[in-house]
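Read through the structure below, which is laid out as structure tokens, and then see the notes.
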Amino acid sequence: MTYHFDGRIAAMYGVDEAVFIAMLQFWIAKNEANDRHFHDGRYWTYNSIRAMERLFPWWSKRQIERIVKKLKDAGVVLTANYNRDSHDRTLFYSLDESKLPISPFCRELSPNGDSTPSPNGDDLAPNGEMYKEQLNTQLKEEEEKPDGNIKPLELMERYNTICTGMPQAVKLTEKRAKAVRRLYATGYTSEQLIDVFYRAQASSFCTGSNDRGWRADFDWLMSENNLVKVLEGKYGGSAAPAPHRQNGGYEQW
Numbered sequence: 129m130t131y132h133f134d135g136r137i138a139a140m141y142g143v144d145e146a147v148f149i150a151m152l153q154f155w156i157a158k159n160e161a162n163d164r165h166f167h168d169g170r171y172w173t174y175n176s177i178r179a180m181e182r183l184f185p186w187w188s189k190r191q192i193e194r195i196v197k198k199l200k201d202a203g204v205v206l207t208a209n210y211n212r213d214s215h216d217r218t219l220f221y222s223l224d225e226s227k228l229p230i231s232p233f234c235r236e237l238s239p240n241g242d243s244t245p246s247p248n249g250d251d252l253a254p255n256g257e258m259y260k261e262q263l264n265t266q267l268k269e270e271e272e273k274p275d276g277n278i279k280p281l282e283l284m285e286r287y288n289t290i291c292t293g294m295p296q297a298v299k300l301t302e303k304r305a306k307a308v309r310r311l312y313a314t315g316y317t318s319e320q321l322i323d324v325f326y327r328a329q330a331s332s333f334c335t336g337s338n339d340r341g342w343r344a345d346f347d348w349l350m351s352e353n354n355l356v357k358v359l360e361g362k363y364g365g366s367a368a369p370a371p372h373r374q375n376g377g378y379e380q381w
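When the letters of the sequence shown are read in order and numbered with this note's numbering, they come out as residues 129 to 381.
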């Protein structure tokens, strides 16, 4: 694996710290591209010290802890715990970019989408362009990896097919796509979300039999607080029918 760091960051905080920051910048950018791990107004990445020892085999556990502490004390690295399991103590990491001399890509986008030099420094150097190209390639490869979940548009179409007693979703907006991806990133599967559709459709409350005549819709179901209640049966309804097997052993819904 090839490691990169920015010389100006190294001059401010040290070479080890610059390498560590570059690693965080990559994984935070990856999560932002995939709309994952967004909490309290910023994107995060998470890892254990043990995993970092494998990522940086030339550093000991004590060295990694020293690097993290130094950057936390400087206000560059932020840590938090957003694990759903209260017993999981794996830390989430983010960066305060205002404490760094440049942004991860050294460029900013103007409102019309043109690329303009960063106000914090010179235009991209050749090795900066190489890093940006490598990062974009890696992000694209990660996005193309199958995760077993259906795409947001297909999920919305499944909603329209199943939830005939609720308002139809006409367009997959970016907000809706992000809501689906955020649920996937949290750990929910498309099978669970489809189960929510079946349960909601079977729920008299969700289909309008309530004192207000209110009906659930796609956006309401894609809110984690609401879908958990539906999955737990708090609005009644039944689970999705079991898949039946076709010749060859494949399952079809």
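Using N, Cα and C, we set each Cβ at its ideal position, and we do this for glycine too. Note that this is a predicted model, so its numbers are computed, not measured.
- Straight across, the Cα-Cα distance linking E285 with F346 is about 10 Å.
- As summarised for the segment 299–348, the continuous alpha helix (DSSP H) elements at least 4 residues long and confined to that stretch are 302–314 and 318–329, given in chain order.
- V204 places its beta carbon 8 Å or farther from that of Y287.
- Per DSSP, the beta-bridge partners of H167 are R170.
- By the C-beta density criterion, Q153 is buried, having at least 16 other C-beta atoms within 10 angstroms.
- A contact is defined here as three or more CB-CB pairs under 8 Å, and the segment 331–348 meets this definition with respect to the segment 290–305.
- Taken through DSSP and simplified to helix, strand or coil, Y210 comes out as coil.
- In the DSSP assignment, L281 falls within the unbroken alpha helix (DSSP H) covering P280 to I290.
- Taking a contact as a CB-CB distance under 8 Å, the pair S318 and L283 counts as one, their CB atoms being some 6 Å apart.
- Within the DSSP secondary-structure output, F220 pairs in a beta bridge with Y174 and A208.
- In the DSSP assignment, L199 falls within the alpha helix (DSSP H) that extends over K189 to D201.
- Comparing C-alpha distances from N159 to each of E352, A313, R343 and K362 shows the shortest one belongs to A313.
- In this structure, the CA atom of L228 is about 25 Å from the CA atom of Y210.
- If you draw a straight line from the Cα of L281 to the Cα of L300, it comes to about 6 Å.
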